[in-house]
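Okay, structure first, notes after.
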């Protein structure tokens, strides 16, 4: 045998060890012992592959659910609840007995009555509970690359329709109606399926480093704008989430399960969750988790499936699918299955994990959950009713929130609309009222707490949601031992703080005592703006300081208007207009200006004021050298590796959807070699892998572009790249952890504390922060702060703390406040609190005719820190206006 022949044999043996034929289970093996009706089509008969043979695409799953509805129209109905940004349909299906589905409209009406504790007394509730089925909602694939979930959805629907003479299914159909949302994130799922089908081998490969297991950027987890939809539940930024909230409010399930996947080396997770629990959960919601956990354990033991509970996945943050439904009274849970991320996966211990088995595990858990709901139907419905009763009773002693109509009024309107869209009762004051001992203007909103949604309101409007003290003590102990903390997500999410709005907590009940002075708030995010003062002779003024004004500017720039914008405030006709106010001169823009601005005001919520004279009583005249003309900048956004998909996607969403302004995503590898002279602004979002390798060789070209008049904006870890010594576009450096004590001589260690001190690294990064809201002070004398309040709340996470920039290099435009006031909300390690004090959040440095603006954190996180949107707009539009490119 030749050397070449031996090499071929060795290679063939190696490949054979990695490629695994996939043996498919028979349809009846999904739930052994059950026979299935031939009248119900199988997955294979509709789409051409059976369970576990292929990863079904969104289109294939839609075809299958359509086929099920055609085969059993009296027992399965489907509805569309929305479309993704890429145009894919979002559907949900109701599965039940023919008798149950024939009275769905009555069931919906009865559920709404049961959810109304003020209109339904205990006797009426008893009658409703007697006749209502428990409603179970099974939601799959909110993360598009969590692949087994959607195929399990198809199998669950098939099983409930086709299983014959099975007591488990009979009980489910008699006592519940099961809703199935098979693909919550169709854009992400199809991105993954396309990747997998493009890279799979002739036989499936189990090796985790193979191409079929190695998703390219950005992966299939996220939707079109690269949002993690499982963090969007109360923010409602994405159409998938908004549509889902609407139908959940319609059907009000007593049980909601969000089915996920996790790392392939794990097993299966179901409730009860890990600590900490959110303190606003009702006691019976927590106790019911064990009912479902025990029933799942029964079936997992029956079939020999491994599982775990009470680890990793907590119930603290209210923005998950496994938590938000709890705040209208549901028992809400996460299930997690180890993922094959293809058809087969070799675990670290050498065992193989097959896609077909992951589908079956989720399928068994789905059926088990529905069975538990059927068994405990009456308890679940009664707990659901009692949830509302207790919320109203508690709320009577807790008063109400008042949202004053001031600061950024467009955000006040949006917050009221956001709450209303989630089923919160909100009232708008038609006149000024006295609240908490002070007068608040007309247009302010009142949110009473004696309502069913009280616990959701407290979650979203309270400045702080406390974590259990024992849990926090354990985290401090772990941190001292250099063990990873067990905080799963952010520890603060107060919407008034994140949006820099007031939220007054008052005892007096304004909305109920004088109803003629109030009207129900509308579930809309934009209240139409208007033009005051009639037709202007000289100019139209748009006061700066609201996101509505930003949207109007974006619209106006898109139509070719170029307003002036003073760097300081001015007073005209008795009114003071803030720095940054947009001045649209009639002479510059033509006779149709007023008509178009009025239309833009209605669309954006911005205020427009007509001016018949250019004379100002005080402050900056419009002809001053400190007044800039705002041109329409062409904006480039770094895209693809090594950017963080979350940061890049949220930034793109902010510009395109929140501001309504175009942006050009450019792959980083292209940026490094391309002529950027056509662009006035370049945004570097946060990065997962760092920009040094991708852009390090192009640092000189970036510097030349900035010096020629470009505005370079960096977020989060991108700022650390610009601060590198070899790049030096920002005169700051990332800090190491501040030393807490002198290290003792390692030769003489007298105590355990000496040992702990001696083994500390000489230099290391600060401890990781899971996510807190910090107070930051704004330099109001700088043009970048136009329209901003003196203090902002900033969402901070991670380890990045930076040196202040020296006065001869640049300006620290926004800096965190002192150590005693810096923490606005959340849990922050003591060392980080001390080290963060007075450190910069926004730095600005001039290079030639251009600017570099660095954010040390990410102001676009999840697109829900709306209070920073105006600051980002200033960096983009006012930054480009203050740069001096040759025109």
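Numbering (this note's numbering), first residue to last: 156 to 1042.
Note that beta-carbon positions come from the ideal geometry of N, C-alpha and C, so glycine has one too.
With contacts defined as CB atoms closer than 7 Å, residue 761 and residue 704 qualify as a contacting pair.
For the 7 Å CB-CB criterion, residue 330 and residue 532 form a contact. When rounded, the separation of the alpha-carbon atoms in residue 874 and residue 978 is 23 Å. Residue 492 is bridged by DSSP to 416 and 423. The secondary-structure analysis by DSSP pairs residue 948 across a beta bridge with 930. Residue nearest to residue 720 within the set 1029, 281 and 1004 is 1029 (criterion: CA-CA distance). Under a 10 Å Cβ-count criterion, residue 638 is classified as exposed, with fewer than 16 other Cβ atoms of the shown protein chains found around its own Cβ. With at least 16 other beta carbons inside 10 angstroms of its own, residue 301 counts as buried.
Residue 589: not part of any alpha helix (DSSP H); member of the beta strand (DSSP E) spanning 588-590, first to last residue. In the displayed model, residue 504 falls within coil according to three-state DSSP, outside both helix and strand. Within the model, the alpha-carbon separation for residue 557 versus residue 614 is close to 15 Å.
When DSSP states are grouped into helix, strand and coil, residue 531 belongs to the coil group. Residue pairing of residue 967 in beta bridges, as defined by DSSP: 998.
In the structure shown, residue 186 adopts coil according to DSSP, grouped into three states. For residue 932, the closest alpha carbon among the candidates 849, 1026 and 860 is that of 1026. Residue 279 and residue 753 have their C-alpha atoms spaced approximately 51 Å apart. The C-alpha of residue 814 is placed about 28 Å away from the C-alpha of residue 778. Contact annotation: the segment 971-988 touches the segment 644-662, with at least three C-beta pairs closer than 8 Å. Counting along the chain, residue 405 sits inside the alpha helix (DSSP H) bounded by residues 394-406. Take the alpha-carbon of residue 474 and the one of residue 647: they are about 11 Å apart.
In the three-state scheme derived from DSSP, where H, G and I count as helix and E and B as strand, residue 685 is classed as coil. DSSP places residue 636 in the coil class of the three-state scheme, outside both helix and strand. Distance from the CA atom of residue 402 to the CA atom of residue 295, rounded to whole angstroms, is 15 Å.
At the C-beta level, residue 361 and residue 422 stay beyond 7 Å of one another. Looking at the DSSP output, residue 555 sits in a beta bridge with 603 and 661. Every alpha helix (DSSP H) stretch that sits fully inside the segment 834-877 and reaches 4 residues is listed by chain position as 847-850, 854-862 and 872-877. Residue 305: not part of any beta strand (DSSP E); member of the alpha helix (DSSP H) spanning 303-317, first to last residue. For residue 339, the closest alpha carbon among the candidates 320, 243 and 322 is that of 243. Beta bridge pairing from DSSP links residue 460 with no other residue. Across the set 273, 306 and 335, the C-alpha of 335 shows the shortest separation from the C-alpha of residue 232.
Listed as beta-bridge partners of residue 784 by DSSP are 719. For residue 469 against residue 412, the beta-carbon gap comes to about 16 Å, at or over 8 Å, which does not count as contact. Secondary structure at residue 1034: helix, using DSSP grouped into helix, strand and coil. For the 7 Å CB-CB criterion, residue 593 and residue 693 do not form a contact. Within the model, the alpha-carbon separation for residue 456 versus residue 467 is close to 22 Å.
Residue 185 and residue 191 have their C-alpha atoms some 11 Å from each other.
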